[in-house]
Amino acid sequence: RKEVEQDPGPFNVPEGATVAFNCTYSNSASQSFFWYRQDCRKEPKLLMSVYSSGNEDGRFTAQLNRASQYISLLIRDSKLSDSATYLCVANPLTGGGNKLTFGTGTQLKVEL
Amino acid sequence: DARVTQTPRHKVTEMGQEVTMRCQPILGHNTVFWYRQTMMQGLELLAYFRNRAPLDDSGMPKDRFSAEMPDATLATLKIQPSEPRDSAVYFCASGLATGFSYNEQFFGPGTRLTVL
């Protein structure tokens with residue numbers, strides 16, 4: 016079983032729709048969580064951090080449920096430019112503080 | 432605009448050949464990571480350096496892969512001999528670690544390796 020699991024998709028949604036991605040992690044010692052975005056044939060880039068209290072950045076909302084070891088990303092009013100792969104990331108903080116474990120990603124396609 | 436650079440961007444080689452990939456981390460960053468990405472496995476951590484010292488290379492096949500940081504501005508990942516199953520995109524990332532708190536990792540554009 017992978018340490019971070021995601022539904023690979025693809026999620027095909029019309030422009031303006033709301034879409035939610037979920038992710039589960041198996042290492043209960045994980046302390047920090049993130050969503051990275053990766054465009055086709057490009058490098059991953061940090062989209063947002065995920066805090067226990069939930070956090071919002073414009074149209075994006077991230078939430079963490081430590082009891083269920085579950086992370087979510089909600090995108091409202093989706094745009095064509097949101098089409099990408101979204102990577103769920105956990106920081107297990109075992110030895111090296113910056114070691115990250117990536118999920119395999121969820122592909123989003125926003126269509127006209 | 433500081434960014435991580437990687438060379439070469441693309442590499443096609445034949446099985447058995449040596450491959451060397453290079454990475455220049457962002458100036459001032461003290462952590463460097465090598466990842467491999469394939470469709471099946473996603474992003475896998477191969478090696479991790481902090482202040483040029485290797486901290487974790489448990490994800491790297493030791494018999495053929497080696498990673499080094501000869502100085503603070505250069506990290507290398509070498510495969511010898513290469514095999515077709517090594518075909519993947521290899522990313523280098525750097526970050527600034529302070530204690531055990533997380534700091535963002537910045538990725539380079541990757542080296543797309545094809546081993547025939």
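Sequence order for the protein chains is D and V. The opening residue of the first sequence carries number 16 in my numbering; numbering runs sequentially from there. The opening residue of the second sequence carries number 432 in my numbering; numbering runs sequentially from there. The beta carbon of each residue, even a glycine, is placed where N, CA and C say it ideally should be. For clarity, every value in this text was computed on a predicted model and none was experimentally measured.
Within-8 Å CB hit, residue i to chain D
{"i": "E514 (chain V)", "result": "no"}
{"i": "Y479 (chain V)", "result": "yes"}
{"i": "P540 (chain V)", "result": "yes"}
Identified DSSP bridge partners for residue i
{"i": "Q21 (chain D)", "result": "D:C38"}
{"i": "M471 (chain V)", "result": "M471 (chain V) is not bridged to any residue."}
{"i": "C103 (chain D)", "result": "D:W50"}
{"i": "R481 (chain V)", "result": "V:T462 and V:A484"}
Whole-angstrom C-beta distance between residue j and residue i, which should lie under 8 Å
{"i": "L123 (chain D)", "j": "F26 (chain D)", "result": "5 Å"}
{"i": "E30 (chain D)", "j": "L95 (chain D)", "result": "6 Å"}
{"i": "Q468 (chain V)", "j": "L477 (chain V)", "result": "Wrong, their Cβ atoms sit about 11 Å apart, outside the cutoff."}
{"i": "V104 (chain D)", "j": "F49 (chain D)", "result": "4 Å"}
{"i": "A82 (chain D)", "j": "V65 (chain D)", "result": "15 Å between Cβ atoms; not a contact."}
Where residue i falls: helix, strand or coil (DSSP)
{"i": "R138 (chain D)", "result": "What is shown of chain D runs 16 to 127, which leaves residue 138 (chain D) out entirely."}
{"i": "E525 (chain V)", "result": "Correcting the residue identity first, residue 525 (chain V) is Ser in this sequence and not Glu. In this structure, S525 (chain V) counts as strand in the three-state DSSP scheme."}
{"i": "R516 (chain V)", "result": "helix"}
{"i": "D487 (chain V)", "result": "strand"}
{"i": "D97 (chain D)", "result": "helix"}
{"i": "P540 (chain V)", "result": "coil"}
Nonlocal neighbours in the same chain, by C-beta distance under 7 Å from residue i, ignoring five residues either side
{"i": "A32 (chain D)", "result": "S93"}
{"i": "E514 (chain V)", "result": "M446 and V546"}
{"i": "A519 (chain V)", "result": "R467, Q468, T469 and L544"}
Chain V contact for residue i (CB, 8 Å cutoff)
{"i": "K124 (chain D)", "result": "no"}
{"i": "P107 (chain D)", "result": "no"}
{"i": "T119 (chain D)", "result": "yes"}
{"i": "K25 (chain D)", "result": "The question names Lys, yet the displayed sequence has Pro at residue 25 (chain D). No, no contact with chain V."}
{"i": "P59 (chain D)", "result": "yes"}
Close-in-space but distant-in-sequence residues of the same chain around residue i (CB under 6 Å, 5 per side omitted)
{"i": "Q573 (chain V)", "result": "There is no way to answer for residue 573 (chain V), as the model of chain V reaches only from 432 to 547."}
{"i": "T100 (chain D)", "result": "Q53, G120 and Q122"}
Nonlocal neighbours in the same chain, by C-beta distance under 8 Å from residue i, ignoring five residues either side
{"i": "D487 (chain V)", "result": "L476, A478 and Y479"}
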